[in-house]
Amino acid sequence: MGPETTIRTGEKLTSLVVEGGHRLAGRVDVEGNKNSALPLLAACLLTEEPCVLNNVPRIQDVQVMADLLAGLGADLSGVGTSTLRVRCAQVVGEEPDRRLVGRLRGSVLLCGPLLARRGRVHLAPPGGDFPARRTLSVHLQALEAMGVRRSEATGADYVLEAPDGLRAASIYLEEASVTGTETALLAAAAAFGESEIRHAACEPHVVELCRFLTRMGAEVEGAGTPTIRIAGGRRLVGVRHRLEGDYIEAGSWVVAAAVTGGELEVRGARPEHLEPITAVLKRMQVDCEVDDDRMLLRPSSPVGVRQITTAPWPGFPSDMVS
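Just remember that our numbering sits 12 ahead of the position in the sequence shown, which is counted from 1.
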């Protein structure tokens with residue numbers, strides 16, 4: 013038996029016991045992309061009609077975002093399952109629960125929809141790894157370009173107002189931030205006129221948000237490129253959407269199986285999303301291939317490589333080395 017790791021979370025004691033020395037083999041079906049789930053849930057705030065999300069990953073971040081939406085007046089069902097129904101017929105507040113915000117970096121994605129529905133948002137400092145690694149500068153830059161004003165005398169909190177509504181804008185983002193691009197997209201979907209977002213992130217989850225907003229009624233061009241144009245301000249409708257499979261989860265399963273010499277079939281991720289991962293694995297002499305939505309791993313003896321460089325999409329994803 014290998015070493016036991018015990019983690020205390022609140023008043024609960026969670027034990028993770030890992031027993032090594034065994035091959036990992038078999039078949040795995042990945043869940044929906046966790047990086048898509050949060051922006052899509054935030055987008056549900058843009059319409060009064062019900063939205064249904066399928067293949068939702070059953071993870072804590074989704075639970076926290078669902079609780080945030082419920083606190084703002086949303087009616088949700090299916091929380092904790094892979095099918096989530098969300099209806100935001102009325103938004104009853106503009107200050108998301110600060111305790112929950114402090115647990116979820118993705119809570120910043122609520123800013124655009126709340127400004128669209130309420131004209132104001134009061135957001136506590138987002139939690140997760142935000143304080144240590146990232147700031148809200150790109151989000152604020154995009155929102156201010158769309159007519160949003162920030163109150164200065166609010167300490168560490170962010171109090172944003174759009175008294176005249178959101179307006180379309182031409183924006184060059186300071187960096188190709190994924191959540192910054194998503195904030196700009198969510199706000200632009202509610203702003204009258206055509207917005208242009210340059211230096212936009214190109215990750216698959218940004219593309220998926222663009223498709224979701226298109227189905228809701230916005231017009232989006234350039235998804236997956238550094239320049240995205242979005243015509244917003246129309247009435248957005250509820251939609252049913254199945255989340256794409258999580259390519260990071262797929263790659264993680266393959267890596268875990270490869271180091272144990274296992275044989276594995278991973279289903280559910282799109283082949284074009286897996287390409288940056290398989291390119292690096294093949295350099296490590298991992299015998300893998302992608303066939304449609306299947307990633308196949310044969311027994312391998314991986315070798316070390318001198319350097320693996322992470323980069324924004326379509327480079328090797330940083331989540332694969334964390």
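From the three backbone atoms N, C-alpha and C, an ideal C-beta is built for every residue, glycine too.
Residue i - partner residues in DSSP beta bridges
i: residue 215; result: None; residue 215 has no bridge partner.
i: residue 285; result: According to DSSP, which records beta bridges pairwise, residue 285 is partnered with nothing at all.
i: residue 309; result: 276, 300
i: residue 89; result: 97
i: residue 177; result: Answer is none; residue 177 lacks a bridge partner.
i: residue 320; result: Paired residue(s): none; residue 320 is not in a bridge.
i: residue 132; result: 173
i: residue 39; result: 277
i: residue 44; result: 257
i: residue 337; result: Nothing can be reported for residue 337, as the shown portion of the chain is limited to 13 through 334.
Closest residue to residue i among the options (Cα-Cα distance)
i: residue 276; options: 265, 282, 288; result: 265
i: residue 130; options: 63, 175, 119; result: 175
i: residue 181; options: 194, 328, 159, 282; result: 159
i: residue 272; options: 28, 27, 32; result: 32
i: residue 224; options: 49, 27, 302, 103; result: 49
i: residue 104; options: 121, 288, 205, 125; result: 125
i: residue 228; options: 55, 34, 38; result: 55
i: residue 185; options: 114, 153, 285, 214; result: 153
i: residue 75; options: 102, 46, 60; result: 46
i: residue 88; options: 269, 162, 304, 60; result: 60
i: residue 285; options: 270, 38, 304; result: 304
i: residue 171; options: 132, 150, 187; result: 132
i: residue 313; options: 128, 35, 70; result: 35
i: residue 297; options: 315, 283, 120, 247; result: 315
i: residue 325; options: 267, 217, 245; result: 217
i: residue 71; options: 42, 58, 57; result: 42
i: residue 203; options: 40, 219, 222, 177; result: 177
i: residue 300; options: 274, 280, 323; result: 274
i: residue 260; options: 248, 282, 113; result: 282
i: residue 169; options: 147, 179, 39; result: 147
i: residue 306; options: 248, 246, 38, 164; result: 38
i: residue 205; options: 220, 179, 221, 139; result: 179
i: residue 246; options: 331, 226, 262; result: 226
i: residue 173; options: 328, 161, 287; result: 161
i: residue 30; options: 308, 292, 268; result: 268
i: residue 332; options: 294, 288, 309; result: 288
i: residue 73; options: 183, 232, 118; result: 118
i: residue 187; options: 270, 263, 27, 149; result: 149
i: residue 330; options: 292, 308, 310, 309; result: 292
i: residue 262; options: 232, 151, 123, 308; result: 308
i: residue 328; options: 222, 219, 237, 215; result: 215
i: residue 280; options: 40, 183, 167; result: 40
i: residue 311; options: 295, 270, 102; result: 270
i: residue 166; options: 151, 248, 137; result: 137
8 Å contact criterion, which residue i and residue j should meet: CB distance rounded
i: residue 63; j: residue 85; result: Not really, about 15 Å apart at Cβ, beyond 8 Å.
i: residue 290; j: residue 278; result: The pair is not a contact, with the Cβ atoms about 11 Å apart (cut-off 8 Å).
i: residue 157; j: residue 189; result: Rounded, the Cβ-Cβ distance is 14 Å, inconsistent with contact.
i: residue 230; j: residue 201; result: 4 Å
i: residue 257; j: residue 92; result: Rounded, the Cβ-Cβ distance is 20 Å, inconsistent with contact.
i: residue 127; j: residue 113; result: So it is not a contact: roughly 16 Å between Cβ atoms.
i: residue 58; j: residue 121; result: That belief does not hold up - the Cβ atoms of residue 58 and residue 121 are roughly 11 Å apart, past 8 Å.
i: residue 139; j: residue 155; result: 20 Å between Cβ atoms; not a contact.
Proximity test, Cβ basis, 9 Å: residue i and chain B
i: residue 98; result: Considering every chain present, this structure includes no chain B. It has just one protein chain.
beta-carbon residue i near the ligand SAH non-hydrogen atom, thresh 8 Å
i: residue 302; result: Annotation note on the ligand SAH: not contained in the displayed structure, which lists no ligands.
Could you check whether the stretch 237 to 245 touches the stretch 209 to 216, counting it as contact only if at least three pairs of C-beta atoms, one from each stretch, sit closer than 8 Å? By the Cβ test, the stretch 237 to 245 is in contact with the stretch 209 to 216, since at least three Cβ pairs between them sit closer than 8 Å.
Please specify which runs of the alpha helix (DSSP H), each continuous and at least 4 residues long, are wholly inside the stretch 53 to 84, giving them in chain order. Complete alpha helix (DSSP H) runs here, min 4: 72 to 83.
Whole alpha helix (DSSP H) runs in the stretch 203 to 285 with 4 or more residues, listed along the chain? Entirely contained in the stretch 203 to 285, the alpha helix (DSSP H) runs reaching 4 residues are, in chain order, 216 to 228, 259 to 271.
At least 3 beta-carbon pairs within less than 8 Å: the stretch 304 to 324 vs the stretch 75 to 93: Counting Cβ pairs under 8 Å, fewer than three are found: no touch.
Would you say the stretch 244 to 254 touches the stretch 52 to 69, given that touching needs at least three Cβ pairs under 8 Å? With contact defined as three or more Cβ pairs closer than 8 Å, the stretch 244 to 254 and the stretch 52 to 69 are in contact.
Please confirm if the stretch 88 to 99 is in contact with the stretch 108 to 127, defined as three or more CB-CB distances below 8 Å between the two stretches. These segments do not touch.
Within the chosen definition, does the stretch 42 to 58 reach the stretch 190 to 206 through at least 3 CB pairs nearer than 8 Å? Short answer: they touch.
What are the uninterrupted segments assigned as beta strand (DSSP E) that are 3 or more residues long and contained completely in the stretch 150 to 174, given in chain order? Counting only runs of 3+ residues, the beta strand (DSSP E) found wholly inside the stretch 150 to 174 occupies 161 to 163, 170 to 173, in chain order.
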